[in-house]
Amino acid sequence: MRIEVTPADVAASRYAVSPLGETVSALRLHAGQRASDGLGPWVARTRPAYERLRREVPAVGALLALLRRGGYNADFIQPPPDGTARDFHGELAAVRATPLAQARDELARNLAGPRATPPAYARRIYASPNVVDLIADAIEESWKALVEPDWPRLRAILERDLVRRAGRLLAYGWGAAVADLDPRLRWIPGDVGVIEINDTDPDTHSLAGRGLLFVPTVFGTLIAYVEQPWPYAIVYRASGVAELLGPPDPARPDDALDRLVGRSRAAVLRALALPATTSQLVAQLGLSLGGVGDHLTVLREAGLVSRIRTGRAVRYRRTPLGDALCAD
Numbered sequence: 001m002r003i004e005v006t007p008a009d010v011a012a013s014r015y016a017v018s019p020l021g022e023t024v025s026a027l028r029l030h031a032g033q034r035a036s037d038g039l040g041p042w043v044a045r046t047r048p049a050y051e052r053l054r055r056e057v058p059a060v061g062a063l064l065a066l067l068r069r070g071g072y073n074a075d076f077i078q079p080p081p082d083g084t085a086r087d088f089h090g091e092l093a094a095v096r097a098t099p100l101a102q103a104r105d106e107l108a109r110n111l112a113g114p115r116a117t118p119p120a121y122a123r124r125i126y127a128s129p130n131v132v133d134l135i136a137d138a139i140e141e142s143w144k145a146l147v148e149p150d151w152p153r154l155r156a157i158l159e160r161d162l163v164r165r166a167g168r169l170l171a172y173g174w175g176a177a178v179a180d181l182d183p184r185l186r187w188i189p190g191d192v193g194v195i196e197i198n199d200t201d202p203d204t205h206s207l208a209g210r211g212l213l214f215v216p217t218v219f220g221t222l223i224a225y226v227e228q229p230w231p232y233a234i235v236y237r238a239s240g241v242a243e244l245l246g247p248p249d250p251a252r253p254d255d256a257l258d259r260l261v262g263r264s265r266a267a268v269l270r271a272l273a274l275p276a277t278t279s280q281l282v283a284q285l286g287l288s289l290g291g292v293g294d295h296l297t298v299l300r301e302a303g304l305v306s307r308i309r310t311g312r313a314v315r316y317r318r319t320p321l322g323d324a325l326c327a328d
């Protein structure tokens with residue numbers, strides 16, 4: 001797939017977070033449809049909730065039976081965000097508003113081609129006149145069980161990545177913004193730049209001044225949306241996810257950095273792989289506001305972090321010395 005972009009598309013590009021998308025991706029992670037890539041502790045912690053969902057909500061299994069890599073997945077299940085600041089319930093309302101005829105068409109396309117036949121209970125759900133609501137109910141129950149309890153921390157991770165990505169696009173242009181999004185993506189510079197994605201779509205798509213929607217994900221993987229009526233969008237893995245999901249496992253033996261600066265202070269320093277505000281660090285690490293503030297003061301006085309102001313927000317970032325201490 002090739003997506004043509006121009007400098008004019010920079011101003012029209014937008015950034016969004018999708019709690020509904022994270023919910024569907026979290027399900028796929030639990031179902032083994034995606035590699036955990038450092039998320040093993042989160043998967044282990046939430047595994048009992050996932051197993052309860054599979055037992056008690058049959059539509060969760062029907063939803064998972066639709067999802068596949070390298071093929072079409074029904075768009076109404078996981079539409080890209082529209083670029084507005086919708087919360088989970090706003091996104092879910094858009095799913096519930098899907099006309100039945102559209103859902104039937106997308107399900108038929110989703111299920112076409114050589115693949116394993118879904119189980120009988122799943123086929124009954126697909127044939128139900130309430131299929132849209134049943135699928136939406138499954139997504140809602142999955143949100144409550146798997147994602148909502150950790151959402152403040154997850155949202156902070158995603159929003160931090162968006163700030164970084166937007167800054168690179170505005171300051172340095174398309175090449176800097178997309179070159180490290182995913183190993184399957186390649187940037188080709190030119191008067192009309194091209195984002196080339198290694199997938200099964202041979203077509204070329206032009207943004208034509210409409211811009212690109214960037215959607216970071218913790219649990220998901222690279223997705224490109226190029227079909228109408230959705231906006232052109234790329235879902236990509238947020239930076240440093242494995243390091244940013246929370247405090248270290250209490251059972252993990254202390255490493256050299258823990259012994260040097262203390263376990264909690266080391267967690268704060270590691271979490272600053274991307275610049276963050278004090279409140280974002282509180283949400284991510286589960287520490288008190290006062291505790292995070294004290295750790296940041298010590299780290300700054302030691303020359304390991306510095307402060308930067310972005311609008312009204314004050315963000316902390318690691319210095320080169322802080323990066324060196326956190327290196328493997």
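Using the UniProt record's numbering, read the sequence shown as starting at 1 and increasing by one per residue. Note that the Cβ used here is the ideal one computed from N, Cα and C, for glycine as well. A quick note: this is a predicted structure, and the numbers were derived from the prediction, not measured.
Proximity test, residue i beta-carbon vs the ligand FMN heavy atom, cut-off 7 Å
i, result
"residue 269", "Among the ligands in the structure shown, none appear at all, so the ligand FMN cannot be discussed."
Residue span of the alpha helix (DSSP H) that contains residue i, given as start and end
i, result
"residue 214", "Segment 213 to 217 is the beta strand (DSSP E) holding residue 214; no alpha helix (DSSP H) there."
"residue 139", "131 to 142"
"residue 158", "151 to 172"
"residue 320", "320 to 326"
"residue 123", "120 to 127"
"residue 9", "8 to 12"
DSSP state of residue i mapped onto helix, strand, coil
i, result
"residue 25", "helix"
"residue 226", "coil"
"residue 179", "coil"
"residue 103", "helix"
"residue 193", "strand"
"residue 112", "coil"
"residue 2", "strand"
"residue 233", "strand"
"residue 34", "coil"
Closest residue to residue i among the options (Cα-Cα distance)
i, options, result
"residue 61", "98, 138 and 131", "138"
"residue 99", "203, 77, 312 and 178", "77"
"residue 93", "147, 293 and 135", "135"
"residue 286", "59, 167, 149 and 327", "149"
"residue 16", "262, 268 and 234", "234"
"residue 221", "9, 292 and 185", "185"
"residue 102", "182, 75 and 48", "75"
"residue 304", "318, 313 and 292", "318"
"residue 162", "320, 13 and 1", "13"
"residue 326", "146, 273 and 153", "273"
"residue 296", "278, 313, 200 and 284", "278"
"residue 44", "54, 55, 33 and 29", "29"
"residue 67", "38, 110 and 209", "110"
"residue 8", "191, 90 and 267", "191"
"residue 182", "238, 133, 82 and 159", "238"
"residue 146", "20, 70 and 34", "20"
"residue 65", "116, 25 and 90", "116"
"residue 218", "11, 5, 6 and 22", "22"
"residue 72", "52, 209, 199 and 164", "199"
"residue 56", "268, 209, 236 and 142", "142"
"residue 324", "151, 301, 256 and 293", "256"
Own chain, CB closer than 8 Å to residue i, minus 5 neighbours either side, in chain order
i, result
"residue 288", "282"
"residue 187", "174, 175, 178, 179, 193, 194, 195 and 196"
"residue 230", "75, 79 and 80"
"residue 128", "134"
"residue 321", "303 and 304"
Extent of the continuous beta strand (DSSP E) to which residue i belongs
i, result
"residue 186", "185 to 188"
"residue 204", "204 to 206"
Close Cβ partners of residue i (< 6 Å) along its chain, the five nearest in sequence each way excluded
i, result
"residue 3", "195 and 205"
"residue 121", "58"
"residue 212", "13 and 232"
"residue 275", "315 and 317"
"residue 50", "30"
"residue 26", "146, 147 and 219"
Own chain, CB closer than 7 Å to residue i, minus 5 neighbours either side, in chain order
i, result
"residue 168", "176 and 177"
"residue 308", "275, 315 and 317"
- Message: What ranges does the alpha helix (DSSP H) occupy inside the segment 238 to 317, keeping only unbroken runs of at least 4 residues that lie completely in it?
- Response: Within the segment 238 to 317, the complete alpha helix (DSSP H) runs of at least 4 residues fall at 241 to 244, 256 to 261, 263 to 271, 278 to 285 and 289 to 301.
- Return the chain-ordered ranges of every alpha helix (DSSP H) run that is complete within the segment 42 to 102 and spans a minimum of 4 residues. Runs of the alpha helix (DSSP H) inside the segment 42 to 102: 58 to 66 and 88 to 96.
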